[in-house]
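Colleague:
In the working numbering, the protein residues as written are 7 to 423.
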């Protein structure tokens, strides 16, 4: 993979051998950065509710939040898959999203145009002090470590555009409304039952039982179709070289010529299309849902998580790594991933050791293979605890060793086929 950042840093990599430090360093350093956008369609079913919900959906925990202020795309009319991707690409280009992602990486000040390396330093777990860019070539180690940062961090910046439509399985509009009227009714009945200990509460609870099957059927009927389009920020030695030599300056060296040049450049920074995945949300479990907002948040959050899992399986560059959390006395390996990340009893993961050479470059070496233990897979999906799902209280997934030895907390695991 191409390398290239030309900035001197007097730096010492945080690479302590203590196990409690390893996990934090590896987990933070190896996270990809994600910017999520929702594409919605006015005039379609449940548009307003989906719109409000998507404004509050968070970036999945296994990613650095690289969101920009622009979070929603409004699309009119129908289009086939190829046309829709072209529409998204045009939108991203028109709004200079790639350039804005770079500006966020380097914390660009809108007033004076100055950049800094604080975010790169924080996400890379660098203990660094930034020096004059003119000294860049005088430090082999400083240059090597920032080249690594470009490869490991900036190059792993993604944009996920989620095209969402409500799937209306009802023949009449009244059917849609009845889903949420039913949920509200459950809430009212349960509130009455909890606040009234007389015979009236018994009648209310009986009403819940009578309505149960019908309500469950209605809620399960609320589904969305989501097609997720994945893009990656293009970052290589040529782009990095141009950026640092022609545009980069900090607050100690304000340069109006570089500021104007950066603002004029609409070609250097680009996003490349990686691929797409489409799925329909799965059946909704009623337990734990208290209001209409819960329904929307649960359905939409889980749909996004599932599409991300499938995109990870489909595209190597989008695969996540996670740190080995601890090794139990019985030899079981505990890791903070679960159903949300697509872990199943048939999954296998390689265990990687992260090594830093004398020049600061990072390499990874396989030390073994592990697999999840059946019955000990953590259900960390959104609202799994509220619905009382099996495995929701585990807090981690337990793995057994297939091959290899001498594992320790902080090593990386990555799913393999």
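Ideal Cβ positions, reconstructed from N, Cα and C, are used throughout, including at glycine. Bear in mind that the values here come from a model prediction, so they are computed numbers and not experimental data.
1. What span of residues does the alpha helix (DSSP H) with residue 268 cover, start to end?
2. Could you tell me the alpha carbon to alpha carbon distance between residue 240 and residue 62, rounded to whole angstroms?
3. Work out the CA separation of residue 383 and residue 298 for me, nearest whole Å.
4. For residue 391, which option in 304, 377 and 364 has the closest C-alpha, if you only look at C-alpha atoms?
5. Return the CA-CA distance between residue 58 and residue 307, expressed in angstroms with no decimal places.
6. Do the region 316 to 336 and the region 412 to 423 touch if we need at least three Cβ pairs shorter than 8 Å?
7. What residue range does the alpha helix (DSSP H) around residue 109 cover?
8. Quick one: grab the DSSP three-state call for residue 133.
9. Is residue 309 near the ligand NAP, going by C-beta to nearest heavy atom under 7 Å?
10. Reducing DSSP to helix, strand and coil, say where residue 71 ends up.
11. Provide the residue span of the beta strand (DSSP E) that contains residue 333, from first to last.
12. Residue 338: which of 407, 373, 322 and 66 sits nearest, CA to CA?
13. Alpha carbon to alpha carbon, how far is residue 14 from residue 263?
14. Among 277, 68, 313 and 376, which residue has its Cα nearest to the Cα of residue 288?
15. Can you tell which of 54, 101, 41 and 103 has its C-alpha closest to the C-alpha of residue 168?
16. Looking only at its chain, what residues have a beta carbon closer than 7 Å to the beta carbon of residue 411, apart from the 5 residues adjacent to it on each side?
17. Using a 10 Å radius around the Cβ and a threshold of 16 neighbouring Cβ atoms, would you call residue 358 buried or exposed?
Modeller: For this structure:
1. 262 to 270
2. 28 Å
3. 29 Å
4. 304
5. 13 Å
6. yes
7. 103 to 111
8. With a pLDDT of only 43 at residue 133, under 50, the local geometry of the prediction cannot be trusted, and the value read off the model is given with reservation. In this structure, residue 133 counts as strand in the three-state DSSP scheme.
9. The ligand NAP is not part of this structure, which contains no ligands at all.
10. strand
11. 328 to 333
12. 407
13. With a pLDDT of 30 at residue 14, under the threshold of 50, the predicted position of this residue should be treated as unreliable, though the coordinate-derived value follows. Rounded to the nearest angstrom, the two C-alpha atoms are 22 Å apart.
14. 313
15. 41
16. 374
17. buried
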